[in-house]
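Following UniProt numbering, the numbering of the sequence shown begins with 1 at its first residue and continues without gaps.
Here the structure is laid out as structure tokens; the discussion comes afterwards.
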Amino acid sequence: MSWLYLLGWVALFTAIYFLTRKSWRKEGIFLLLPTKKGTNFIKQFGQKHSKFFKWFGNVSIVVGIVCSVIMVYLLILNLQIYFSHPEIAGPAVKILLPIEVDSPYVLSISWHIFLICIVLLLIFHELAHAFVATAQKIKVRELGLAFIGIGPVPIGPIGAFTAPDEKQVAKTTILNRMRIFAAGPGANILIIGMLTFVFITLFAAISSISPQGVLISNVTYCENIEQLESEQPHNTICNPSLDGLNVSQNVVIYKLRCNEQEYQISDYASLYNSTSKFKPGQNATLLTSAGEYNFSFIKNPTTNKTSIGIMFSLFSDKNTLVMNVVNFFNLHLNLPLLKYGYYAPTFENNVFFLLCWLFVINLFVGLFNLLPLKPLDGGYICEDLLNLLVKNTKAIHYLKFSIYFLVFALLLANIFNQQFFAFVLFIQSVFPF
């Protein structure tokens with residue numbers, strides 16, 4: 001069905017292209033549909049609220065620089081995790097496609113959610129660029145949609161664009177340019193903040209979500225349950241029958257099957273209540289979002305009760321506020337990606353998952369766009385920041401391209417981490433160090 005949707009959209013875009021082909025402009029593999037309609041409104045609105053948009057641009061610069069550093073750190077951290085624990089690391093960068101593709105490099109999403117999320121994301125992102133530009137008396141020549149195409153055939157929309165006057169942008173101050181480039185990702189982060197507020201207040205108030213499983217957020221193995229200490233990491237597996245079955249993180253346990261009966265697991269309490277009905281040594285099956293795991297119950301020597309052998313550490317009271325925030329983001333980042341939701345909405349599913357995907361896509365696109373690499377917004381912010389801090393033109397040139405090369409290499413290494421790992425092992429074998 002997804003492929004039929006794709007063919008339908010390609011046919012629609014192709015028909016629109018041939019009906020309005022005089023309005024299109026081709027640049028490389030991209031087809032642009034520009035228009036001057038709306039530029040007067042953007043100019044008037046931006047200049048009328050210039051103080052707000054300048055303030056928004058300043059905040060976006062600070063947030064953008066911080067997020068840019070965090071993104072580079074996360075790329076390095078993911079490589080470090082892959083070298084130390086390759087079984088839990090995956091590609092840090094994936095392509096989001098509205099079709100079903102069985103690939104570790106692709107994240108599939110339904111067509112209607114994809115289009116709604118991308119359209120909303122691009123509207124806010126590009127309007128933020130335009131409003132901040134006009135607030136600083138920089139003309140916006142045109143705006144429009146960008147399509148990826150094969151010859152004259154547009155495959156699908158990949159973005160929107162605003163085109164501030166390039167000569168005015170080049171002549172304006174460094175601070176003004178940084179405001180313009182940072183405004184787009186800043187708008188994405190603002191949407192994330194608004195959705196966070198909606199999730200915490202509105203949905204919580206109407207009890208929109210209820211527990212529908214136990215999420216394994218991290219996994220550590222130990223040989224004996226008696227070895228556990230209070231500081232042991234969360235979700236420690238001490239059951240020999242589960243060891244080696246590759247029970248991994250971000251797995252949701254939603255049912256327990258034993259003696260041909262199934263027990264619904266909605267939270268930690270229901271999990272422990274279910275296990276108390278059985279004796280150590282009995283065979284059972286855990287039904288999870290990653291498949292079924294056959295195991296045998298064991299005895300917990302501390303409580304003398306039956307246990308499944310996965311010890312879930314609970315957070316102390318002093319960390320409650322911090323962990324509530326951590327758990328909130330863990331929930332809404334994992335929700336759209338899991339086959340079985342950790343939480344199930346008690347109101348309209350489509351609305352809930354649309355907002356979850358909007359949250360996830362804005363977060364990922366906004367942060368990715370802040371990487372210090374051209375042509376991303378983060379690359380232009382990085383260049384202007386170097387111009388602001390370093391006075392030597394030659395030093396700026398070398399620093400800029402060194403950063404671009406490093407970030408590009410990190411991206412490739414994270415996308416193709418298995419190949420990168422093999423390459424590093426080969427280098428180590430040839431040049432041991």
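In this text, a Cβ means the ideal position worked out from N, Cα and C, and glycines have one as well.
As the structure is a computational prediction, the values presented were derived from the model and not from experiment.
In terms of residues, what are the limits of the beta strand (DSSP E) holding residue i?
i: residue 34; result: 30-35
i: residue 307; result: 305-307
i: residue 264; result: 261-264
i: residue 298; result: 298-300
Only counting the same chain, and skipping five residues up and downstream in sequence, which positions put a Cβ closer than 8 Å to that of residue i?
i: residue 7; result: none
i: residue 279; result: 297 and 306
On the premise that residue j lies in contact with residue i, defined as a C-beta separation below 8 Å, what is that separation, rounded to the nearest angstrom?
i: residue 285; j: residue 273; result: Contact flag wrong, Cβ pair sits at about 18 Å.
i: residue 65; j: residue 385; result: 7 Å
i: residue 378; j: residue 372; result: 5 Å
i: residue 358; j: residue 195; result: 6 Å
i: residue 124; j: residue 187; result: 4 Å
i: residue 146; j: residue 180; result: About 18 Å separates the two Cβ atoms, so there is no contact after all.
i: residue 56; j: residue 46; result: With a Cβ gap of about 11 Å, residue 56 and residue 46 do not count as contacting.
i: residue 184; j: residue 126; result: 7 Å
i: residue 355; j: residue 198; result: 7 Å
i: residue 178; j: residue 61; result: 5 Å
i: residue 162; j: residue 140; result: 6 Å
Less than 9 Å separating the beta-carbons of residue i and residue j?
i: residue 25; j: residue 19; result: no
i: residue 370; j: residue 68; result: yes
i: residue 138; j: residue 169; result: yes
i: residue 131; j: residue 42; result: yes
i: residue 277; j: residue 264; result: no
i: residue 144; j: residue 14; result: no
i: residue 122; j: residue 182; result: no
i: residue 408; j: residue 71; result: no
i: residue 116; j: residue 363; result: no
i: residue 443; j: residue 414; result: What the structure shows of the chain is the stretch from 1 to 433, and residue 443 is not part of that stretch, so it cannot be assessed.
i: residue 376; j: residue 390; result: no
i: residue 361; j: residue 382; result: no
i: residue 287; j: residue 260; result: no
i: residue 164; j: residue 112; result: no
Per DSSP, which residues does residue i bridge with? Please list them.
i: residue 291; result: 288
i: residue 172; result: Paired residues: none, contrary to the question.
i: residue 144; result: 34 and 161
i: residue 177; result: In DSSP, residue 177 forms no bridge with anything.
i: residue 258; result: 261
Quick check on the DSSP output: the alpha helix (DSSP H) that includes residue i runs from which residue to which?
i: residue 383; result: 377-389
i: residue 126; result: 111-135
i: residue 414; result: 393-415
i: residue 279; result: Element bounds for residue 279: n/a, residue is neither H nor E.
i: residue 26; result: Note, residue 26: premise wrong, no alpha helix (DSSP H); beta strand (DSSP E) at 25-27.
i: residue 65; result: 50-84
Within its chain, find whatever has a CB closer than 6 Å to the CB of residue i; leave out the 5 residues flanking it on each side and keep chain order.
i: residue 136; result: 176
i: residue 12; result: none
i: residue 33; result: 24, 144 and 145
Apart from the five residues on each side of it in sequence, which residues of its chain come closer than 7 Å, Cβ to Cβ, to residue i?
i: residue 314; result: The pLDDT assigned to residue 314 is 46, lower than 50, so where the model puts this residue is not dependable; a value taken from the coordinates is nonetheless given after this. Counting only Cβ-Cβ distances below 7 Å, and skipping sequence neighbours, we find nothing.
i: residue 394; result: none
i: residue 281; result: 296 and 297
i: residue 257; result: 284, 285 and 287
i: residue 50; result: 135
i: residue 48; result: none
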